[in-house]
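Structure first, then comments.
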Amino acid sequence: MPESIEPAAFAQEISRIEQCWHQSPAQARAECEVLIHQAREQRDPLSQIYAAELYGKIMDHEGKALEARNLLYEAIQQAQAIHNFPLEARIHEQIARSHYSVGDYRTALQNWLRCIELSERAQFEPTIWMLAKVGLGQIYDALGDSETAVIFHQAAADRIHEVNDPYLDAKIQINLGVNLQKCGRSSEAATVLHRALTICLQHNYHDYTAESYFRLAEVAIAQDELEPAMKELEQALFFARKVNYRWGEANILSAMADVYARRQDWLKALETLHHGQDISIQNDFSHILMRQHIAAANYAEQMFNLPLALAELKAGFEFQQKLNASNQPSQRKALEQQTGLRISVSNMIIDLANHPAIEEGELSTFPPIICQAASQILEVARVGFWQFDEQTQQLRCLYLFDQTQPCSSTAPLQSSQMPHFFDWLAQHKSLIAHDAQHHPDAWDLSEHYLQAHGVQSVLAFPIQSDFGRHIMMFEHRGEQRNWLPDEIQHASQVTDIASRALANNERHAFQNEIHVLNAKLLDTNDALEARVLERTQALAQSNQELHQAMNKLVQSEKLAALGGLVAGIAHELNTPLGAALTCSTTLSAESKELAQHLQNNTLKKSILDNFVNTSISASQLIERNLRRASELVSDFKQVAVDTTSARRRNFDLLETVDDVVHMLHSQMRHTQHRLTLDIPVGLMMDSFPGAFEQVIANLINNSLLHGFEHRTEGQMTLKARADETDKVTLIYEDNGCGIPDELQRRVFDPFYTTKLGQGGSGLGLYITYNLITGVLGGELTLESAVGQYTRFIMKLPFVAPPSSSEPPLNPLPA
């Protein structure tokens with residue numbers, strides 16, 4: 001086992017390799033391989049991810065991205081297992097580049113889009129976002145859409161100021177320059193390429209220095225500036241050879257040969273191109289070599305060396321066929337699907353989803369059908385349908401399809417042998433193991449189960465149902481299989497179908513239970529209907545009695561309010577009538593005394609003057625007090641009639657409120673509670689004054705009885721304001737004890753009171769709410785804070801809605 005490496009030492013080693021790999025890529029690659037091996041042995045996913053990411057960069061720059069792909073997929077499964085989104089995005093970027101390098105643009109596109117999604121979701125630093133944008137630009141460049149490529153490269157360039165990464169800056173500028181040149185924007189291309197060159201020279205990025213000179217030479221060649229182009233190519237070749245940048249060297253030599261050819265120096269062009277061919281052959285740069293053979297055939301033809309031209313052309317076509325052959329299986333598969341010779345994966349999934357066994361949901365029927373179809377859809381050797389046994393902590397295989405063993409079976413998987421795998425199972429997440437042997441959640445599954453069957457890669461998807469936990473497991477035999485996004489999606493779709501089959505199984509079981517219950521229900525239905533009818537009749541009778549009792553209570557509340565008014569008016573009448581009685585008694589006594597003087601002939605002028613003065617004063621006092629009593633009786637008659645009737649009329653809001661307040665004066669006279677009115681003069685209502693007066697009286701009484709309990713100086717206010725919607729807003733507020741939050745939703749309930757047996761019927765606010773929202777056609781809301789205030793907000797229309805007991809009056813004049 002290799003020597004353990006501490007995290008700090010590992011970080012220093014990675015940093016050292018990052019600083020020098022541009023100058024010594026081969027040595028850096030070998031050192032990364034050592035770090036990856038150490039991290040594997042120590043099961044250190046973070047270290048393995050960092051080392052694999054750097055390894056992928058180096059291999060990509062050497063033109064060998066394909067050779068790093070397995071290690072990158074192994075790293076991505078580590079990042080996904082530990083839910084490290086930034087690292088996952090960085091590895092996706094490397095994987096995308098490895099697919100891009102071999103022309104697999106669809107998979108590259110999926111991985112770069114995943115990079116952007118992770119970057120934008122997790123909001124981490126934008127380096128990977130910019131790399132993904134550059135990658136998308138390169139795909140569009142490869143597809144011949146340079147205009148769109150420029151858009152993606154420019155988007156990356158616009159954010160480069162957010163990070164301190166000169167190497168990435170140079171990369172973006174180079175790619176942007178290449179596509180600007182292809183769009184015919186040579187001047188802009190030269191500007192950004194010179195910017196890239198400056199960065200590379202400043203930071204000793206010899207590989208990108210070579211690339212910058214090479215791309216500047218392409219701009220010069222396109223403008224037929226051959227001398228400057230050759231000088232830049234010579235500089236490019238110098239820096240490429242300085243760091244053994246073989247991919248760049250091969251391309252640079254091809255460009256130099258093109259310059260010689262444009263000078264019609266065919267021999268020098270051919271000689272230079274042969275040097276480039278040697279590099280391409282040594283490093284297996286097939287795409288470059290194909291182009292070099294075709295160019296060499298053209299040069300040889302110009303020299304009239306037809307045998308050489310034919311040989312080069314033949315070699316070029318052979319490489320072209322070889323490259324086409326590498327894509328042939330997928331192309332043939334797509335063609336066969338289009339022509340109907342091969343069933344497409346989508347059609348196979350649709351056929352499976354519509355299979356009758358899925359709808360039937362029989363556990364003895366659908367697992368074999370799903371597993372066999374899944375083997376064909378995903379092209380895997382083994383597919384298993386497993387069930388987790390909670391009691392024994394085992395995974396039991398309900399069905400296993402194995403292409404080599406038609407009647408295959410396997411022993412249960414024990415949690416004691418595979419703790420990491422069973423920990424994954426408890427998390428209800430998908431398992432995507434490109435290399436199961438080194439996956440954090442699957443290495444013990446590989447050790448105790450997969451390796452014995454030659455399985456290197458596995459997909460597993462959990463299914464949760466009322467019948468327990470199940471798993472669909474897709475096992476690939478042979479070399480490591482790097483699961484593509486489409487394959488993962490197909491496996492997930494198959495699992496969804498299995499989940500639906502299980503749900504149908506549960507549904508059929510429930511339907512059977514329901515059928516049994518229905519049979520029992522039918523047996524007792526008649527008796528139940530009779531009992532329901534009996535109880536319905538009893539409930540109707542109870543509701544009728546309750547309604548009658550409620551009406552009586554409401555009327556009692558109204559009469560109680562009227563009784564309060566009677567008591568108040570009696571008290572108020574007592575003062576003026578008592579004064580009038582006293583005056584009349586005095587006047588009677590004075591009259592008798594005057595009559596006595598007259599009878600005795602003792603009447604004097606002074607006595608007569610005194611009697612006259614006394615009579616005038618007494619008469620005036622009697623008149624004033626009797627007028628006051630008359631006014632009180634008149635007010636009482638109006639309020640009493642309004643309170644006990646549902647008569648509709650036009651009334652002045654302020655005057656009506658004043659009448660009610662006056663009638664309640666006796667209740668407040670011996671207290672220090674005060675009521676302040678803020679109501680404009682002239683607010684006329686076409687409504688029901690009786691209902692309105694009862695509302696105001698109830699609110700004032702509520703404050704006196706509840707709000708000012710244990711308080712000696714209470715303040716009540718009633719404000720009214722007209723709005724622009726033909727309504728008046730009245731706000732009644734007291735500074736009493738307030739209403740707790742838990743009681744506020746109950747204060748409008750009938751019979752709810754905190755003063756039961758102490759003068760509270762529990763109907764005051766209930767009647768208030770119903771009068772406002774019913775007869776008066778308005779709205780009522782309550783606001784309160786304990787210990788601070790209680791506020792009732794009433795919004796009433798100036799013209800009340802029609803009453804069911806009498807037709808509406810004519811509207812008030814404007």
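Going by UniProt numbering, the sequence shown runs without a break in its numbering and finishes at 814. Backbone N, C-alpha and C define an ideal beta-carbon position, used for all residues, glycine too. If you're wondering where the values come from, they're calculated on a predicted model, not measured in any experiment.
Suppose you measure from the CA of residue i to the CA of residue j; what does that come to, to the nearest Å?
{"i": "Leu-702", "j": "Gly-764", "result": "It should be noted that the sequence gives Asn, not Leu, for residue 702. Computed Cα separation, rounded: 8 Å."}
{"i": "Arg-29", "j": "Glu-390", "result": "48 Å"}
{"i": "Pro-680", "j": "Ala-691", "result": "21 Å"}
{"i": "Thr-209", "j": "His-287", "result": "23 Å"}
{"i": "Phe-688", "j": "Ile-700", "result": "19 Å"}
{"i": "Gln-181", "j": "Arg-69", "result": "32 Å"}
{"i": "Ala-426", "j": "Glu-487", "result": "24 Å"}
{"i": "Leu-608", "j": "Leu-594", "result": "7 Å"}
{"i": "residue 818", "j": "Leu-431", "result": "Shown here, the chain extends from 1 to 814; a query on residue 818 therefore has no answer."}
{"i": "Asp-402", "j": "Leu-450", "result": "13 Å"}
{"i": "Arg-669", "j": "Val-695", "result": "21 Å"}
{"i": "Leu-683", "j": "Leu-654", "result": "7 Å"}
{"i": "Gln-638", "j": "Arg-531", "result": "Note that Gln-638 scores a pLDDT of 49, beneath 50, so its modelled location is shaky and nothing firm can be said."}
{"i": "Gln-162", "j": "Ser-119", "result": "Per the sequence presented here, residue 162 reads as Glu, with Gln not at that position. Approximately 14 Å between the Cα atoms of the pair."}
{"i": "Cys-583", "j": "Arg-648", "result": "42 Å"}
{"i": "Gly-468", "j": "Val-102", "result": "45 Å"}
{"i": "Ile-616", "j": "Thr-586", "result": "12 Å"}
{"i": "Phe-366", "j": "Pro-356", "result": "9 Å"}
Using the rule of at least 16 other Cβ atoms within 10 Å of the residue's Cβ for burial, across every protein chain shown, is residue i buried or exposed?
{"i": "Gln-19", "result": "exposed"}
{"i": "Asn-347", "result": "exposed"}
{"i": "Asp-258", "result": "buried"}
{"i": "Cys-183", "result": "exposed"}
{"i": "Ile-82", "result": "exposed"}
{"i": "Asp-444", "result": "buried"}
{"i": "Phe-792", "result": "buried"}
{"i": "Ile-350", "result": "exposed"}
{"i": "Phe-510", "result": "exposed"}
{"i": "Ile-514", "result": "exposed"}
{"i": "Glu-41", "result": "exposed"}
{"i": "Ser-457", "result": "buried"}
{"i": "Met-303", "result": "exposed"}
{"i": "Glu-318", "result": "exposed"}
{"i": "Arg-16", "result": "exposed"}
{"i": "Gln-264", "result": "exposed"}
{"i": "Lys-604", "result": "exposed"}
{"i": "Arg-215", "result": "buried"}
Return the bridge partner residues of residue i from the DSSP annotation.
{"i": "Gly-468", "result": "Ser-465"}
{"i": "Glu-783", "result": "Arg-791"}
{"i": "Cys-737", "result": "Beta-bridge pairing links Cys-737 to no other residue."}
{"i": "Cys-397", "result": "Trp-386"}
{"i": "Phe-651", "result": "Met-685"}
{"i": "Met-473", "result": "Gly-384 and Ala-460"}
{"i": "Asp-678", "result": "Lys-719"}
{"i": "Asp-658", "result": "Answer by DSSP bridge pairing: none, since Asp-658 is not bridged."}
{"i": "Thr-729", "result": "Arg-721 and Lys-795"}
For residue i, which residues in the same chain have their Cβ closer than 6 Å to its Cβ, ignoring the five residues on either side in sequence?
{"i": "Gln-320", "result": "Met-290"}
{"i": "Ala-374", "result": "Val-383 and Val-494"}
{"i": "residue 839", "result": "Given that the chain is displayed from residue 1 to residue 814, the structure contains no residue 839 and the question cannot be resolved."}
{"i": "Tyr-213", "result": "Glu-232, Gln-235 and Ala-236"}
If I measure Cβ to Cβ from residue i and keep anything under 7 Å in the same chain, skipping five residues before and after, which residues do I get?
{"i": "Glu-249", "result": "Leu-237, Ala-240, Arg-241 and Ile-279"}
{"i": "Ala-217", "result": "Ala-229, Glu-232, Leu-233, Ala-236 and Ala-255"}
{"i": "Ala-491", "result": "Leu-378, Leu-459, Phe-461 and Phe-474"}
{"i": "Val-243", "result": "His-22, Gln-23, Pro-25, His-206 and Asp-207"}
{"i": "Ala-442", "result": "Phe-421, Leu-431, Ala-433, Ala-436 and Val-458"}
{"i": "Ser-446", "result": "Ala-436 and Gln-437"}
Below 8 Å CB to CB, which residues in the same chain sit around residue i once its five sequence neighbours on both sides are set aside?
{"i": "His-153", "result": "Lys-133, Val-134, Gly-137, Ile-172, Asn-175, Leu-176 and Asn-179"}
{"i": "Ala-538", "result": "none"}
{"i": "Leu-313", "result": "His-293, Ile-294 and Ala-297"}
{"i": "Pro-45", "result": "Ala-39, Gln-78, Ala-79, Ala-81, Ile-82 and Pro-440"}
Run the proximity test for residue i: is its beta-carbon closer than 6 Å to any non-hydrogen atom belonging to the ligand COA?
{"i": "Thr-676", "result": "Looking at this structure, you won't find the ligand COA or any other ligand, since it has none at all."}
Shorter than 7 Å from the beta carbon of residue i to some beta carbon of chain C?
{"i": "His-355", "result": "The chain inventory of the structure shown lacks chain C, comprising one protein chain alone."}
Handout entry: Cβ contact (3+ pairs, closer than 8 Å) linking the region 116-123 and the region 98-107
Key = no
Practice task
Specify whether the region 742-750 and the region 711-721 touch according to this definition: at least 3 beta carbon pairs, one from each stretch, less than 8 Å apart.
Solution key: no
Handout entry: Given 8 Å, three or more beta-carbon pairs between the region 703-712 and the region 766-782
Key = no
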